[in-house]
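Residue numbers (the numbering used here), protein chains in the order written: chain A, 317 to 451; chain B, 17 to 488.
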Amino acid sequence: MADPVTNLLSVAVQGAAAAAPLVHGSGPSHLVTNLTVFVLAVFVGYYVVWRVTPALHSPLMAVTNAISSVIVVGAIIATGVSALSLGSLAVSQVLGFVAVMLASVNIFGGFVITGRMLGKFKKKVKAAPAPAKKV
Amino acid sequence: MSPDLSSLLYLIASVCFIMALKGLSSPESARGGNLFGIVGMVIAVVTTLWLSHLGWPLVVTAMLVGGAIGTFISVRLQMTSLPQLIAAFHSLVGLAAVLVAGAALFKPEVFQIAEGSGIKVSSIVEMSVGTAIGAITFTGSIIAFAKLQGIMKGDPITFKGQHLLNLLLLLGIVALVAWFAMVGSADAIAAQKIFILVALASFILGFTLIIPIGGADMPVVISMLNSYSGWAACGIGFTLNNPLLIITGALVGSSGAILSYVMCKAMNRSLFNVILGGFGGGAAAASGPAAEKKPVKIGSAEDAAFILKNASSVVIVPGYGMAVAQAQHVVRELADTLKKEGVGVRYAIHPVAGRMPGHMNVLLAEANVPYEDVVELDEINRDFAQTDVAYIIGANDITNPSAKDDPKSPIFGMPVLDVEKAKTVFFVKRSMASGYAGIDNPLFYRDNTMMLLGDAKKVTEELVKAMSGGGH
Chain A
317 MADPVTNLLS
327 VAVQGAAAAA
337 PLVHGSGPSH
347 LVTNLTVFVL
357 AVFVGYYVVW
367 RVTPALHSPL
377 MAVTNAISSV
387 IVVGAIIATG
397 VSALSLGSLA
407 VSQVLGFVAV
417 MLASVNIFGG
427 FVITGRMLGK
437 FKKKVKAAPA
447 PAKKV
Chain B
17 MSPDLSSLLY
27 LIASVCFIMA
37 LKGLSSPESA
47 RGGNLFGIVG
57 MVIAVVTTLW
67 LSHLGWPLVV
77 TAMLVGGAIG
87 TFISVRLQMT
97 SLPQLIAAFH
107 SLVGLAAVLV
117 AGAALFKPEV
127 FQIAEGSGIK
137 VSSIVEMSVG
147 TAIGAITFTG
157 SIIAFAKLQG
167 IMKGDPITFK
177 GQHLLNLLLL
187 LGIVALVAWF
197 AMVGSADAIA
207 AQKIFILVAL
217 ASFILGFTLI
227 IPIGGADMPV
237 VISMLNSYSG
247 WAACGIGFTL
257 NNPLLIITGA
267 LVGSSGAILS
277 YVMCKAMNRS
287 LFNVILGGFG
297 GGAAAASGPA
307 AEKKPVKIGS
317 AEDAAFILKN
327 ASSVVIVPGY
337 GMAVAQAQHV
347 VRELADTLKK
357 EGVGVRYAIH
367 PVAGRMPGHM
377 NVLLAEANVP
387 YEDVVELDEI
397 NRDFAQTDVA
407 YIIGANDITN
417 PSAKDDPKSP
427 IFGMPVLDVE
437 KAKTVFFVKR
447 SMASGYAGID
457 NPLFYRDNTM
467 MLLGDAKKVT
477 EELVKAMSGG
487 GH
């Protein structure tokens, strides 16, 4: 798979990519680009999460839980492959199917619960308009 | 769809996820953030479905079934059970990671990790990392869930040689992965059995890792498992060469790690210390019989109502007890009654109050407490000296002044709320028992402390009644 995403991110670290052949193992360029993406993402995560207000730490957990279920992508690939040869493929598909289901529980559940939580955080109700509603 | 297009769509999804987290920097932008998350997920799923032209019915069925279950649970959930739910959800991510790794192993060609008759060594290592962390997340989260739900006692379960066992398991997993890599690079079929061993050993490690950790350390445990679920996704992302999974996993992983750090700091303990576990159990047993009877002032709702009415500023300090008694709504009623009397009311939140990060904030928000009234530890501590009444409901250790002045105390050094500086302290407690750390709270015996014994909800209800009944 050609990965413009990783390429895009790794422009800044061409030096590292150039050193790729030095890395031991069979898929060095993939490994290094993946590592590049990974390290940069950790930095992004670090700076973004420190800015999250402590009052919203519970929703943060719920939403990270939901998005970590993006692992469903791998599960879909496993489930969606053609059923040409049975045997090991069937195993792979069953595992994929269950994984899609589990991840979906999380995706839907996670976003719903986050939405519910966030819906509860309200600003102070202004004293003036409130009584007007009640008649 | 060309690989270029799908990769670009994945990039958009990744950016959406970053925006979802960024939105949480304030309550106003947070709802938009959640929307970003949903959009990102839709893009990711649709793109992937598009890529794999076959098997749509299966995938869609699985998503609908899972989605329905998830939505049903989340819609019906009581907010007080939030920590359990999050723990349960983490376990699912962990298991999903293990299953995806398994699927990749059984059909390496589909995931482009095959090489000859075996699998690429780098892929095996990445896959193993994803599997091991995923499996630990799975069983660890189940234990956390069981402890939070009350299926399992919250007390730490410790036994001799526990740490040695964990260490051996960890080394065993490393050895198995090495074996896996050696066999797997030549023969994918033989590797499948070793993979199952790696998963099994990691399942056991997750279990043994979390059982010694006590109920009140759950904020750290949940954050840690949150982090693990991210790293597991990362491991799978490396295996599949999928930048979306790597980016998302790294975001979640660092988020959980930061939360764990924040929680540990709020307890003045190292992450290592929490993971080793066993905190509280021994101390509780020791202080039990030795506790001598010191004079305590026990007040009635009427006494408390009188003092509260004459106060000009009140700070409410909620803890896990409030969650257990579901007292958050009554507490808000009390605050409303006080505000009508012209009393200033604020809420002081300790970072580890409750069973997960931000637990108290959500409960108070649920009870319609405006978030401007909810103040964090550092900010409120400056104001306690000018506070007339500190109303402590279901909290104990986070107010214990021993943390500041008794070097022998197990919680010494932990940042606490300086409630004792308030003119009067009300302690709503079920009984005179000590907190989770098993530490006596000297605050109980102070002259300016009044104990209001009973269920948090009932006591507060009586208080509200006494205030509105005897008023004007």
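Just so it is clear, CB atoms sit at the ideal spot from N, CA and C, and this is done for glycine as well.
field: Inter-stretch contact (C-beta, 8 Å, three-pair minimum) for the stretch 120 to 131 of chain B and the stretch 40 to 60 of chain B
entry: no
query: For the ligand ATP, is there a heavy atom less than 7 Å away from the beta-carbon of residue 126 of chain B?
result: Ligands are entirely absent from the displayed structure, and the ligand ATP is therefore not among its contents.
query: Taking only runs of the beta strand (DSSP E) that begin and end inside the stretch 150 to 210 of chain B, which ones reach a length of at least 3 residues, in chain order?
result: none
- request: Have a look at residue 479 of chain B and residue 470 of chain B and give me their C-alpha separation to the nearest angstrom.
  value: 12 Å
- request: Could you spell out where the alpha helix (DSSP H) holding residue 259 of chain B opens and where it closes?
  value: 259 to 282
message: Less than 8 Å between the beta carbons of residue 367 of chain B and residue 282 of chain B, yes or no?
response: yes
- prompt: Which of the three DSSP states, helix, strand or coil, is assigned to residue 440 of chain B?
  reply: strand
- prompt: So is residue 482 of chain B in contact with chain A if we call contact Cβ pairs under 8 Å?
  reply: no
message: Is residue 374 of chain A close to chain E? Criterion is C-beta to C-beta, closer than 8 Å.
response: No chain E appears in the structure shown, which is made up of the protein chains A and B.
task: In the DSSP assignment, find the unbroken beta strand (DSSP E) run with residue 334 of chain B in it and report its ends.
output: 329 to 334
field: Minimum C-alpha distance to residue 164 of chain B - residue among B:481, B:370, B:255, B:467
entry: B:370
- request: Check the C-beta distance from residue 107 of chain B over to residue 158 of chain B and give it rounded, since I have them as a contact under 8 Å.
  value: 5 Å
- request: Taking residue 155 of chain B and residue 222 of chain B to be in contact with their CB atoms under 8 Å, please state how far apart those CB atoms are, rounded to whole angstroms.
  value: 3 Å
- prompt: Interface residues of chain B around residue 345 of chain A at Cβ under 7 Å?
  reply: The contacting residues do not exist; residue 345 of chain A stays about 10 Å from chain B at best.
message: Buried or exposed, going by whether 16 or more other CB atoms sit within 10 Å of the CB of residue 561 of chain B?
response: The structure shown does not extend to residue 561 of chain B, since chain B is modelled only from 17 to 488, so the question has no answer here.
message: Would you say residue 348 of chain A lies against chain B (beta-carbon separation less than 8 Å)?
response: no
- request: Can you tell me which of A:360, A:392, A:427, A:433 puts its alpha carbon nearest to the alpha carbon of residue 51 of chain B?
  value: A:427
message: On the DSSP letters alone, give me the boundaries of the alpha helix (DSSP H) that residue 53 of chain B sits inside.
response: 43 to 67
task: Mark residue 314 of chain B as exposed unless 16 or more other C-beta atoms lie within 10 angstroms of its C-beta, in which case mark it buried.
output: exposed
Any chain A beta carbon closer than 8 Å to residue 82 of chain B: yes
- request: Evaluate residue 439 of chain A with the Cβ neighbour count: other Cβ atoms within 10 Å of its Cβ, from every protein chain shown; 16 or more gives buried, anything less gives exposed.
  value: exposed
- request: Give me the Cα-Cα distance between residue 246 of chain B and residue 377 of chain A, rounded to the nearest whole angstrom.
  value: 11 Å
Cβ-based burial, residue 84 of chain B [other Cβ within 10 Å; buried from 16]: exposed
task: Below 6 Å CB to CB, which residues in the same chain sit around residue 263 of chain B once its five sequence neighbours on both sides are set aside?
output: 30
task: Tell me whether residue 25 of chain B sits in a helix, a strand or coil according to DSSP, three-state version.
output: helix
message: Measuring only the C-alpha atoms, how far is residue 250 of chain B from residue 261 of chain B?
response: 6 Å
query: Span of the beta strand (DSSP E) holding residue 392 of chain B?
result: 390 to 392
message: Measuring only the C-alpha atoms, how far is residue 405 of chain B from residue 416 of chain A?
response: 53 Å
message: Using a Cβ distance threshold of 8 Å, determine whether the stretch 367 to 375 of chain A contacts the stretch 28 to 44 of chain B, with at least three qualifying pairs required.
response: yes
field: Contact between the stretch 329 to 345 of chain B and the stretch 408 to 415 of chain B (3+ Cβ pairs under 8 Å)
entry: yes
- prompt: chain A partners of residue 47 of chain B, CB-CB under 8 Å?
  reply: 431, 434, 435
Whole-number beta carbon distance between residue 206 of chain B and residue 199 of chain B, since they are thought to touch under 8 Å: 5 Å
query: Between residue 382 of chain B and the rest of its own chain, which residues show a CB-CB distance below 7 Å, the 5 nearest in sequence each way excluded?
result: 95, 344
- prompt: Which first and last residues belong to the alpha helix (DSSP H) in which residue 485 of chain B is found?
  reply: 472 to 485
message: What are the residues in the stretch 276 to 288 of chain B lying within 8 Å of chain A by C-beta distance?
response: 278
- prompt: Quick one: is residue 136 of chain B buried, meaning 16 or more other Cβ sit within 10 Å of its Cβ, or exposed?
  reply: buried
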